[in-house]
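Worksheet: one structure, shown below.
Chains as they are written, first to last, in my numbering: chain A, 3 to 154; chain B, 1231 to 1976.
Take a look at the structure:
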């Protein structure tokens, strides 16, 4: 089975029904996407498939049809994506475990709507759970990222 | 060879300084600093100036022994050292260091001692001193109790200063310039001619000279880092998915394991049938372990799939199978024989309640899981002469000792590598996962085994927060609260937790009444009694521990009496409060929230106060009663911590604590049916979602003499402030968590 992840092509020999999350983490060693619940309740595993945010814990690898982007492919410490830069600026993270998924959700959302209302932000970001309670900072960071994307 | 001897003598540096400075006089044998563990593994070119500073050819490493669970402990600890060492945070590496008695936590014992945080009297201080020595003896290198800052505030700055002054001595020796003419900045000693000697080049000389024994800590006005906004050291990695958490860590040749443990917590495995699982793809082995089975595969998902294909015969629960039995055990605990403590007994409540107009109320708080988003994990590699453990733990010394006991190895041959934690909230004060990984790894010596819990296994075996019941009796008279008698029944969480470490609790469990008995109110007839319920389901410390339930009982019942008195909720609390710094936080939230102003139709506000972990915290919650249920609009928080070390981290932790307190009060509980936790994942244990999150305004007060940690204190007042706000808005008193059993939320 062939997968395109962050611009690289990988051959994997796995069951069709293995969730993409575990192929990324255990077969390819790409650990930015996190295991939090395994049932699409927390969003820590969020990655992009052709730019759309998906829950990789619920997506069977056999059903993947498109280019996969993980947090590692969104931006790097030396070349931050606008959403990541906003996350650093607002110092959103506490434990940080959910933040890969939060950032991937925000990046896909802002790609479709770079001038969201507060209500739209609340709606778009509420499927991602943060046990540390960084929600106030997530809201602010999404707004900053949106402003920066608009002016870019 | 002379170098080693001299470095060894330097292990006494910090203690000597503390004694010279008059900080630690009157202490006896256990006050002698434990051996500096950094000296054991020094490479040829490395120097360990104190147990907190290591310098080698590559640079400077600061040792930050309190685990970073998301609370920013690494950054804060590094900043405290760097403040005096004169290094910038972008010049250093941080390392949690090895498990060692040198890193004991002296602040933790304060909360265990039966004295109010407001009581600075002789007895309180001397008993804390005894506890402190006991802690050190036990070598408790524990992260918990909101103690990382209070514990490190003095000793980490002293460590930085000692290292700096020793490096200056070295520079003086090398340059011939008197020490008085030397300055330090950015990891270097500056000479009067403008040239610099870096700490790295000075370290070998520093290792060969006599230690500096007298240092003076800088005045706050001179601080470069403390009190100013900092950028967390981990923020870039955590924003780019490049942090290696326990679950991410990889070792060459590692295999993946998961477990199925008896859902009746603590009971045995009678038998199992793994025939369907054995032949599944990637499965390498299935092993019975204590209370369950470990499955090893070449991939985590395959291990979990195979584990799900095993059928089990579990021994029944040792605690009541249904919740009725748990509540009945609590209800039956309110009797003389089960009194654990009655340290608050002012006036005479019996006379007060006998005179009529009695108000009575019963409150309930359920079990709740910690459920950090990263499930618990451990990697264990066993060899004949050593064991290595990689795990995100709050108590590396216990892990080390337990692995030594299990393997028969000497403790020094058990190497515990502390990894980053994806949250904890007290969950990583348990080490079952390590013990299970050791059992599994015993079947394949030399192979690193990574054990990852599924979310379901983690939640079912969470060791949740204690279940608790509060019963209040009281009276208002002449528009004032006159009599307040609160009884609290719960099992001993500390006994349950310490029991799993083969320790027994010396004396009463102060957590049974924590957050209630020590509140700074002057009520004429005022009593708080703790009743120790029998052990039920095993429980563990959950963010703010006893205060997480008791502040709800204490403050909500106080609110009921204030209402009966016809007094204003905030004004009456302020009137009753005898402790200046606590009164100031109440006044602060009053000012912040414009208390008394009209909020409009279907809106209302409530206030709550709790002193926990030495921090007086007041919160005002504003809600709207909408057609879809209660919407939490805004929360104001004021907390007295003596000194805010990093205002950004402080703000983030306080807001997180409020979200934690409100979210669990709204909709979370663990219930047992047939002895098994009914909630298994975030679909039925939801917490707060972003759209429910109120705007939160935070103020840190710095009037107190003692510095305090902020990880836990924002939690206890959140639930009662919400309940009081709902009452003010709807007239409905909610006396049981989760509140959504009684009222809907948006």
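Note that the Cβ used here is the ideal one computed from N, Cα and C, for glycine as well.
124, 125, 127, 128, 131, 133, 134, 135: these are the residues of the segment 115 to 135 of chain A whose beta carbon lies less than 7 Å from some beta carbon of chain B, given in chain order. The DSSP-derived three-state label of residue 1609 (chain B) is strand. Annotation for residue 1488 (chain B): the continuous beta strand (DSSP E) segment containing it runs 1485 to 1491. Distance from residue 1740 (chain B) to residue 1769 (chain B) at the Cβ level is roughly 16 Å; contact not present, criterion being Cβ atoms closer than 8 Å.
Put simply, of B:1782, B:1752, B:1853 the residue whose alpha carbon is nearest the alpha carbon of residue 1810 (chain B) is B:1752.
The three-state secondary structure of residue 1495 (chain B), taken from DSSP, is coil. Taken through DSSP and simplified to helix, strand or coil, residue 71 (chain A) comes out as strand. Non-local C-beta neighbours of residue 1323 (chain B) in its own chain, meaning closer than 6 Å and more than five positions away in sequence, comprise 1291, ordered along the chain. A distance below 8 Å separates the beta carbons of residue 1750 (chain B) and residue 1807 (chain B). Contacts with chain B at 8 Å (Cβ-Cβ) include residue 72 (chain A). Spanning the alpha carbons of residue 1293 (chain B) and residue 1455 (chain B) requires a straight line of approximately 18 Å.
Excluding the 5 residues flanking it on each side, residue 1665 (chain B) has same chain C-beta neighbours closer than 7 Å at 1632, 1636, in chain order. Around residue 11 (chain A), no beta-carbon contact reaches into chain B at under 9 Å, the shortest distance being about 20 Å.
Among the residues of chain A, those whose CB is under 9 Å from the CB of residue 1486 (chain B) are 28, following chain order. Residue 1905 (chain B) sits away from residue 1556 (chain B), with the two beta carbons spaced by 8 Å or more. Residues of the same chain with a CB within less than 6 Å of the CB of residue 1862 (chain B), apart from the 5 flanking positions on each side, are 1853, 1924 in chain order.
Residue contact check for residue 17 (chain A) against chain B: a CB pair falls below 8 Å. Among the CB atoms of chain A, none fall inside 8 Å of the CB of residue 1735 (chain B).
Burial is judged here by how many other beta carbons sit within 10 angstroms of a residue's own beta carbon; residue 1935 (chain B) has fewer than 16 and is exposed.
It is roughly 39 Å from the alpha-carbon of residue 1432 (chain B) to the alpha-carbon of residue 1613 (chain B).
For a cut-off of 8 Å, the C-beta gap from residue 1944 (chain B) to residue 1869 (chain B) is around 7 Å, short enough to register as a contact. In the DSSP assignment, residue 1950 (chain B) falls within the unbroken alpha helix (DSSP H) covering 1948 to 1960. Residues of the segment 1655 to 1688 of chain B with a C-beta atom less than 9 Å from some C-beta of chain A are 1655, 1682, 1684, 1685, 1686, listed in chain order. In the three-state scheme derived from DSSP, where H, G and I count as helix and E and B as strand, residue 138 (chain A) is classed as helix. Interface residue (Cβ-Cβ distance to chain B less than 8 Å): residue 64 (chain A) is not classified as such. For residue 1665 (chain B), the enclosing alpha helix (DSSP H) stretches over residues 1662 to 1671. Contact annotation for residue 1587 (chain B) against chain A: no contact, minimum CB-CB distance about 41 Å [criterion: below 9 Å]. Here residue 1450 (chain B) is exposed. Its C-beta has fewer than 16 other C-beta atoms within 10 Å. Apart from the 5 residues on each side of it in sequence, residue 1553 (chain B) sits with its Cβ closer than 7 Å to the Cβ of 1901, 1902 in its chain, given in chain order. The Cβ neighbour count for residue 1465 (chain B), taken over all protein chains shown within 10 Å, is at least 16; the residue is labelled buried. Residue 131 (chain A) counts as buried, since at least 16 other C-beta atoms from the protein chains shown sit within 10 angstroms of its C-beta. Against residue 1921 (chain B), the close residues of chain A are 124, 125, 128, in the order they occur along the chain (beta-carbon pairs closer than 7 Å). In the pairwise beta carbon analysis, the segment 14 to 25 of chain A is classified as touching the segment 60 to 77 of chain A: at least three pairs are separated by under 8 Å.
Taking 8 Å as the threshold, the shortest C-beta distance from residue 1475 (chain B) to chain A falls below it. Per DSSP, the unbroken beta strand (DSSP E) holding residue 1645 (chain B) starts and ends at 1644 to 1648. Here residue 1860 (chain B) carries a strand assignment [DSSP, helix/strand/coil].
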